[in-house]
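Report on one structure; see the data block that follows.
Number of protein chains: 2
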Amino acid sequence: MAHDSDTARPVRHGSRGRARRDEILSVALGVIAENGYRGLTLGEVAKRVGLSQQGVLHYFPSKEELLIGVLRQRDEWDVSAPFGGENAVEFTVGDLEMLVEVNAARPEIVRTFSALLGESITEEHPAGPYFKDRYDWVRDSIESTLRGEFGETMPSGITAAQGAIMLTALMDGLQYQWLHDPEKIDMPELFHGLTRLVTGRES
Amino acid sequence: MAHDSDTARPVRHGSRGRARRDEILSVALGVIAENGYRGLTLGEVAKRVGLSQQGVLHYFPSKEELLIGVLRQRDEWDVSAPFGGENAVEFTVGDLEMLVEVNAARPEIVRTFSALLGESITEEHPAGPYFKDRYDWVRDSIESTLRGEFGETMPSGITAAQGAIMLTALMDGLQYQWLHDPEKIDMPELFHGLTRLVTGRES
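Line by line, the protein sequences are chains A and B.
Letter by letter, the first sequence follows residues 1 to 203 in UniProt numbering.
Letter by letter, the second sequence follows residues 1 to 203 in UniProt numbering.
Structure representation (structure tokens):
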């Protein structure tokens with residue numbers, strides 16, 4: 001699940017710059033968890049990390065870049081931690097289902113992702129390249145997982161490539177309904193039901 | 001598919017006010033189709049409709065309210081025109097599939113919907129009530145369609161209620177991938193494949 005990108009590169013590549021950059025991202029994630037997507041301001045992050053606002057802007061030139069950085073860090077965590085070790089490239093459909101369970105326990109980061117995904121499809125939005133690139137590697141990864149577990153055409157009759165688009169769409173789409181009505185929408189159960197249908201596996 | 005709402009009510013209920021309001025919405029839709037979501041400004045709408053900006057604000061107190069008005073008008077059209085006559089309340093799964101085909105031919109209105117859906121899940125956003133309400137009636141309508149055509153538990157083993165959430169999520173989620181990569185994502189074909197899986201029907 002390796003991926004490249006041309007946005008939000010760290011300004012410094014030295015280990016001290018990298019450590020400070022990671023600290024800003026962790027603090028930003030904490031602010032989002034506490035105050036929500038709209039509660040994230042560069043001023044609040046700067047205060048908590050002990051930098052001037054200008055100091056934060058040195059690492060992330062805008063609030064959008066900082067939000068993309070937070071999501072990118074989540075991606076790195078998601079493809080390493082629950083999927084069995086750093087830089088893991090192999091995962092299973094069961095791991096995907098676990099990821100949806102993890103998401104159901106972190107509404108504010110899901111809200112950040114979903115809000116930015118919505119903005120990203122408007123013209124020239126800074127998050128556009130991040131999401132386009134992310135869709136490519138997410139679909140490729142899921143497609144290769146489905147092919148490995150169920151073959152080119154799965155027992156359902158759906159191809160691995162189609163299945164990857166469908167499961168990705170379901171994850172994204174469920175999140176909007178869930179954020180609007182968390183009591184009514186059981187994301188993990190629904191996602192589990194759909195992976196069963198899309199693959200055609202028995203349980 | 002009747003629905004109530006407590007936002008974006010017309011300011012005037014007289015027929016002249018209603019006609020002017022409808023004209024503003026049609027013009028706004030045209031501006032979106034030509035210039036995209038970000039290209040819609042109250043100034044441009046006012047110019048084309050021959051009102052001052054203040055005049056437009058009399059009908060729609062903010063750009064967000066105007067966008068919600070455009071989407072609400074699309075909803076009214078969608079549940080009447082392709083589904084067989086004014087105020088139609090009955091529709092089929094085939095009508096839903098046709099709706100996805102219609103959407104694939106109107107990227108700018110889909111972009112407007114998807115961008116506003118993204119914003120709507122942030123705190124206190126003016127589009128929040130519209131989307132929450134819309135999800136309720138869309139799911140209820142699809143659920144009742146699925147129940148009518150396939151029974152409480154469909155041949156797939158999925159209930160009508162679960163199927164309604166899944167198909168709604170698929171429509172929303174596919175649109176984001178399609179807007180980022182229209183060449184790669186064949187929305188109508190994928191949605192057709194999904195309705196077949198979710199219902200368990202043969203073709």
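Positions of the beta carbon are idealized from the N, C-alpha and C atoms, including for glycine.
Remember, predicted model here, so these are calculated numbers, not experimental data.
Item to complete: Below 8 Å CB to CB, which residues in the same chain sit around THR168/A once its five sequence neighbours on both sides are set aside?
Response: TYR135, VAL138, ARG139, ILE142
Discussion item. Out of PHE91/B, ILE121/B, HIS180/B, GLU119/B, which one is the CA nearest neighbour of ASP133/A?
Written reply: HIS180/B
Worksheet item: In chain B, which residues lie less than 7 Å from residue 222/A when you measure between Cβ atoms?
Response: Chain A is shown from 1 up to 203; residue 222/A falls before or after that span and cannot be answered.
Discussion item. Is there a Cβ of chain A sitting closer than 8 Å to that of GLU183/B, yes or no?
Written reply: no
Worksheet entry | Endpoints, alpha helix (DSSP H) assigned at TYR37/A | That residue, TYR37/A, is in no alpha helix (DSSP H); it is neither H nor E in DSSP.
Worksheet item: Tell me which same chain residues have a C-beta within less than 7 Å of the C-beta of ALA28/A, skipping the five on either side of it?
Response: LEU40, VAL45, LEU66, VAL70
Worksheet item: In the structure shown, what three-state DSSP assignment does THR92/B receive?
Response: coil
Worksheet entry | Segment limits, alpha helix (DSSP H) that includes ASP172/B | 160-180
Discussion item. Please list, in chain order, the residues of the UniProt domain "HTH tetR-type" (18-78) of chain A that have any C-beta partner in chain B closer than 7 Å.
Written reply: GLY36, TYR37, ARG38
Worksheet item: What separation, rounded to the nearest whole angstrom, lies between the Cα atoms of PRO155/B and GLY55/A?
Response: 60 Å
Discussion item. Given a cut-off of 8 Å on the beta-carbon distance, is the pair LEU96/B and GLN162/A in contact?
Written reply: no
Item to complete: Would you mind telling me which residues of chain A sit closer than 8 Å to ARG111/B, beta carbon to beta carbon, in chain order?
Response: ILE121, THR122
Worksheet item: In angstroms, rounded to a whole number, what distance separates the CA positions of ASP186/A and VAL100/B?
Response: 25 Å
Fill in: GLU152/B versus PHE60/A: straight-line alpha-carbon distance, rounded
52 Å
Worksheet item: With a CB to CB cut of under 6 Å and the five nearest residues on each side skipped, what residues in its chain are close to ARG16/A?
Response: none
Practice prompt. For ALA104/B, decide whether its Cβ has a neighbour in chain A, counting only Cβ atoms nearer than 8 Å.
Written response: no
Worksheet entry | Contacts that ASP172/B makes with chain A (C-beta to C-beta distance below 7 Å) | GLY173, TYR176
Discussion item. Between ASP172/A and TYR176/B, how many whole angstroms is the CB-CB distance? I'm expecting something under 8 Å.
Written reply: 6 Å
Practice prompt. Could you work out which residues of chain B lie near ASP165/A, taking near to mean beta carbons separated by less than 7 Å?
Written response: Note that residue 165/A corresponds to Ile in the displayed sequence, not to Asp. Chain B residues near ILE165/A: GLN177, ILE185, LEU190.
Worksheet item: Is the segment 191-202 of chain A touching the segment 117-132 of chain A in the sense that three or more CB pairs, one from each, lie closer than 8 Å?
Response: no
Item to complete: Determine whether the Cβ of ALA115/B lies closer than 8 Å to any Cβ atom of chain A.
Response: yes
Practice prompt. Using 10 angstroms around the beta-carbon of ASP6/A, count the other beta-carbons present and answer buried if the total reaches 16, otherwise exposed.
Written response: Its pLDDT being 45, under 50, ASP6/A is placed unreliably by the model, and nothing is read from it.
Practice prompt. Determine the direct distance from the alpha carbon of ARG48/B to that of LYS63/B, and round the result to whole angstroms.
Written response: 16 Å
Discussion item. Check for me: the alpha helix (DSSP H) holding ARG201/A runs from which residue to which?
Written reply: Taken as a continuous stretch (DSSP letters only), ARG201/A belongs to no alpha helix (DSSP H), as it is neither H nor E.
Worksheet item: What residue from ARG72/A, GLN53/A, ARG201/A has the CA that sits closest to PRO129/A's CA?
Response: ARG72/A
Worksheet entry | Beta-carbon contacts of ASP78/A that lie in its chain and below 8 Å, excluding the five residues immediately before and after | LEU99, VAL102
Item to complete: Sort VAL93/A, ARG111/A, GLY14/A by Cα distance to GLY200/A and report the nearest one.
Response: VAL93/A
Fill in: Nearest-angstrom Cα separation, counted from ALA19/B out to PRO182/A
39 Å
Item to complete: Could you spell out the range, first to last residue, of the alpha helix (DSSP H) harbouring GLU108/B?
Response: 107-120
Discussion item. Nearest by alpha-carbon distance to ARG21/A: which of VAL31/A, ILE109/A, HIS58/A, ASN35/A is it?
Written reply: HIS58/A
Practice prompt. Determine the contact status of VAL110/A and ILE158/A, defining contact as a CB-CB distance below 8 Å.
Written response: no
Discussion item. Am I right that GLY118/A and GLU149/B are in contact with their C-beta atoms under 8 Å? What's the rounded C-beta distance?
Written reply: About 32 Å; that fails the 8 Å criterion.
Fill in: THR168/A at chain B interface by Cβ criterion, 8 Å
yes
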